[in-house]
Amino acid sequence: MPAATTSVRNARLADASAISQITASYAGKGLMLKRPVENIIEDIRNFFVAEYQGKVIGCCAVAFYTERLAEIRSLAVVEEFKGARIGRLLIEKAESVLGEEGVREVFVLTLNPGFFGRMGYKDIDKEYFPQKIWRDCTNCPKLMACDEIAMVRKL
Ligand SMILES: CC(C)(COP(=O)(O)OP(=O)(O)OC[C@H]1O[C@@H](n2cnc3c(N)ncnc32)[C@H](O)[C@@H]1OP(=O)(O)O)[C@@H](O)C(=O)NCCC(=O)NCCS
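According to the numbering used here, the stretch in the sequence shown is residues 112 to 266, in order.
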């Protein structure tokens, strides 16, 4: 099983193009927001990658809002490895690092509530996260027709 021999580690600059390719494939299907490679490079210290046999097969990123509140975003696993517990490994790693930082609440905005429900996240009203609205949503083309579901988990 890939999950047993997959390691999740902090992303390095050299992973940026692999991350960009993975996220772009799902952004093209409308499943997540497109992040240009320059934006991924700028944010590389906040990314984690899952590596299997020397290849990056998944990624996620964290974003901090307050000393207690953070977001997990840009979660994706390459198509051929979906369903092999790689997404779970990525979330567990990100949550563990956030917990060590003192974060107590993690939220996601997602079109895949089934997966996050399985990870212990609960639906919550988007208005609960005004910080997110100020920072990202104002630049999003979907602003007035946002179809993402907000979910939260207490660490
Ligand atoms: C969402 C995604 C990252 C999940 O990664 P994954 O490696 O396929 O998922 P896992 O195998 O780790 O699944 C973990 C658990 O969630 C469950 N699960 C996965 N997808 C699910 C879904 N859509 N609905 C309900 N449960 C789901 C699995 O059955 C598994 O349960 P278990 O560990 O208790 O047996 C992956 O499917 C993906 O890249 N999707 C496209 C991009 C995307 O939607 N990203 C999220 C944007 S916020």
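Cβ coordinates follow ideal geometry from the N, Cα and C atoms, glycine included. Treat the numbers as computed from the prediction; the structure is a model and nothing was measured.
A direct Cα-Cα distance of roughly 10 Å separates residue 214 from residue 182.
In the three-state reduction of the DSSP assignment, residue 195 falls in the coil class. At least one heavy atom of ligand 1 lies less than 7 Å from the C-beta of residue 198. Scanning the segment 118-173 for uninterrupted alpha helix (DSSP H) segments of 4 residues or longer gives 127-138 and 148-153, listed from N- to C-terminal end. Residue 232 sits buried, since 16 or more C-beta atoms from the chains shown fall within 10 Å of its C-beta.
A buried status is given to residue 221, since no fewer than 16 other beta-carbon atoms sit within 10 Å of its beta-carbon.
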